[in-house]
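Start counting at 1 in the sequence shown, then tack on 628, and there's your number in our numbering.
Structure, as structure tokens:
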Amino acid sequence: MTENTAQAASPAAPPTPNASSHLTRALDWVSGAVGAFCGLATLGMVLIISYEVVCRYLFNSPTSWVTEYSLYIFVGTSFLATAYAHLEDNHIRVEILLNNLSTPMRHKFWQMSAWVGLMFVVVAAWQMILFVGSEYQGGARAWGLMATPLWIPETPVAVGLALFALAVLSEARKLSPGVGPRREFTGLVILAAMVIALVFMGLKPPSVAGSSLDWGTVSVAAAVLAVAWLWNGLGVTAGAACMALGGGLLFAWAADFSTLAQGGVMAFYLLSLMALGVRIAFSLGMVGALGVLFLLPTPQLQVIAERAWTSVNSFAFTAVPMFILMGAFLLRSGVTSDLFGVMLKWLGRFPGGIAHATVGACGIFAAVSGSSLATAATMGMTACPEMTERGYSPRLTYGVVAAGGTLGILIPPSIAMIIYGSLVGEPISALFIAGILPGVFLMISFMLVVFGWSFIWPSAAPRGAHYTWGQKFRSLTGVLPFVLLIVGVLGSLYMGVATPTEAGALGALIAAGLCFLKKKMTFKLLMDSVMETAKVTSFLIFIVAASSVMGYAFDYIRLPKVLVEVMQGADLTPGLVITALVIIYMILGMFIDPVSMMLMTLSVSFPIVTALGFHPIWFGVVLVMMIEIGLITPPVGVILFILKGMSGDIPLKEIVIGVLPFVGVFLANIVLFYFFPDLIMWLPGQMGAAQ
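Here is the structure:
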């Protein structure tokens, strides 16, 4: 995923910062500098992992430090870059309801969201600092060969969360353009006093008598709300208090409820926060934080820090920035236009040829970018004008681009599959292999729709220009290095020569080399690529950490286990359960980006599906299909609005009609894989990847 999905989910941008604020300018500069450092550190990680591969396979001399240190670089940079990602608006929110409000009212909800987010991030930073302090005092060390004192790699996490808190404060300040220097300074004094109070409370803040709270948490909430009142007035403060403190009262009230009722309260609160515009990561974190405060017999706020570290401290996750960086380099190398040009020359004379070329180019481009939104936006700019100029109907033009965009999450290398495999403990290489045939099936299905469309309505898809065989073969030379790169990366992975992280690192290095060969590598391109990698990785990993806190609360109240027991007691058929999941994911997918949706639901859906006897690899493939289909499902699929914004005078109705046949075949493929699961499991089984 190499495109800022927040832009699609949040079409209305926040107001321009107050130019007179030295605070916001300073924080923007610091976050940008840290983001650049994190990007370069990620590039360094690529180099040392590639060095490990060379040492191991060419000189039979593997290192003892690369795996451990590259993991620490990954975790540290993921959290250090959260501030940069936030100020670049990468931490996404759901705005489908807010966009129907007046601009002043929407602005107030943005302000409330910022203050609620600040509460959570300040608590997370504070708890992480306490966690690092306790690790230092206890002398904890890593289990790896280097036996690294854990406080060393954990410190960047604490620093990153502290910078993140400052970035959220900067956002709140930007959303308060009428605040003068005096009120700004007073607000900073209040927050400084809060920090001093937390320092004096030490590693174990005193508890509030007769309550689940401690005085540290109370101090954070009081200070943040005081600054909110000072900068934004009573109305915004009351709204933020209702979101945060009202949630606390709701959870305290639910402490004696049954497990299912508590799960319902948590789901209601989560959906309410997201509907009100609170960023998804903050919403997940708030649900988890209030859950461990009020639903557990003993408050365990330190879980936030423990999960921030342990949930992402896995070498499998290091593959995420590697493939993101590879995609970032390839996108900037001009491969998009080259791919489409090749497809156009080879398929243009077939009925619906340019649409076929678009599907093929979307599939390959989506595999590189890993982002459906990026694919739809980029191919919309490349393919839609070409088809419109050749006389293609708007319905087919925009329908095929919208459908082609959904291929990105399924065809390897898929960021969603990397995250899924890391969370559930399934081999990432097996998931990649399992996604190949379904991806091909889906691509062929889309092409069959195009063929049928052009056969029934020939005028909707005129034939393309004629090209000689010489022109066709010469066109391949431009994309041959790209094809060799993809084959080499995936081949090394499937043959067991390299781990997913190593394959991604080598791919990123070779992709950078392709930029040099095409004479497009500049310092700006390099920095843009690595900084984009840092911010996209950061926002994904922070959602992983926040969802892990919520998952801890779910697990502690035994919600997944109880749901499985209820399902088994109700004697529900597997088909009915899968159908219900498809409907739920289609609805959620209209409003929430795919990876966030997967993370917020996986702790519940995974135990249910595996209890029915489905293989985790099968479910991984079907899950990424389910979380993708909502993006093109009318009436509010995000990709539909992206294409509407690019289409000029084409009515949204035309785009919706155009995408409906593709939604139908998408659902038909899910049904096919349900009745014939071997279509997913056969290839991993043949390659010995599925257990």
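Each residue gets a CB set at the ideal place from its N, CA and C atoms; glycine is no exception.
A quick note: this is a predicted structure, and the numbers were derived from the prediction, not measured.
In the three-state reduction of the DSSP assignment, residue 769 falls in the strand class, which pools E and B. Considering only 1026, 790 and 803, the residue with the shortest C-alpha distance to residue 1273 is 1026. According to the DSSP assignment, residue 911 belongs to the alpha helix (DSSP H) that extends over 908 to 922. In the structure shown, residue 840 falls within a coil segment according to DSSP collapsed to helix, strand and coil. One thing to note: residue 986 has its Cβ within 8 Å of the Cβ of residue 1007. Residue pairing by DSSP leaves residue 1231 without any beta bridge partner.
Boundaries of the alpha helix (DSSP H) harbouring residue 811: 809 to 829, taken from the DSSP string. The three-state secondary structure of residue 784, taken from DSSP, is helix. The shortest CA-to-CA distance from residue 764 to any of 777, 1137, 893 and 756 is the one to 777. Where residue 834 is concerned, there is no enclosing alpha helix (DSSP H), because DSSP gives it neither an H nor an E.
CA-to-CA, the gap between residue 1242 and residue 864 works out to about 47 Å.
Judged by beta-carbon spacing, residue 923 lies within the 8 Å limit of residue 1185, meaning their Cβ atoms are closer than that value. Going by C-alpha positions, residue 1114 is about 25 Å away from residue 690. Close CB contacts of residue 702 within its chain, under the 6 Å cut and outside five residues either way in sequence, are with 946 (chain order). Contact between residue 1089 and residue 983 holds: their C-beta atoms lie close to 6 Å from each other, under 8 Å. Burial is judged here by how many other beta carbons sit within 10 angstroms of a residue's own beta carbon; residue 650 has fewer than 16 and is exposed. For residue 963 against residue 1107, the beta-carbon gap comes to about 7 Å, under 8 Å, which counts as contact.
Collapsing the DSSP output to three states places residue 949 in a helix. Sequence-distant Cβ neighbours of residue 844 in its own chain, meaning closer than 7 Å and more than five residues away, are 754, 826, 829 and 833.
Distance from the CA of residue 885 to the CA of residue 878, rounded to the nearest whole angstrom, comes to 11 Å. For residue 657, the enclosing alpha helix (DSSP H) stretches over residues 650 to 686. The shortest CA-to-CA distance from residue 815 to any of 1206, 860, 726 and 1211 is the one to 860.
Going by C-alpha positions, residue 1116 is about 31 Å away from residue 707.
The closest CA to that of residue 1062, considering only 1143, 1244 and 744, is found on 1244. Around the beta carbon of residue 1221, 16 or more other beta carbons lie within 10 angstroms, which makes this residue buried.
Counting of Cβ neighbours within 10 angstroms places residue 738 among the buried residues, the total reaching 16 or more. In the structure shown, the three-state DSSP call for residue 777 is strand.
Cβ-Cβ distances below 7 Å link residue 993 to 964, 967, 1003, 1006 and 1007 in the same chain, with the five nearest sequence neighbours on each side left out; the list follows chain order. Residue 1046 and residue 948 do touch by the CB rule: their CB atoms are close to 6 Å apart, below 8 Å.
A residue is called buried when at least 16 other Cβ atoms come within 10 angstroms of its Cβ; residue 735 meets this threshold and is buried.
Here the region 1244 to 1260 makes no contact with the region 1198 to 1205; the two share fewer than three CB pairs at distances below 8 Å. Distance from the CA of residue 657 to the CA of residue 761, rounded to the nearest whole angstrom, comes to 29 Å.
In the DSSP assignment, residue 1188 falls within the unbroken alpha helix (DSSP H) covering 1187 to 1197. By the Cβ criterion, the region 951 to 962 is in contact with the region 1142 to 1150, since at least three pairs of Cβ atoms, one from each stretch, lie closer than 8 Å. Annotation: residue 653 to residue 1253 spans about 42 Å, alpha carbon to alpha carbon.
Within the region 867 to 901, no run of beta strand (DSSP E) at least 3 residues long lies entirely inside it.
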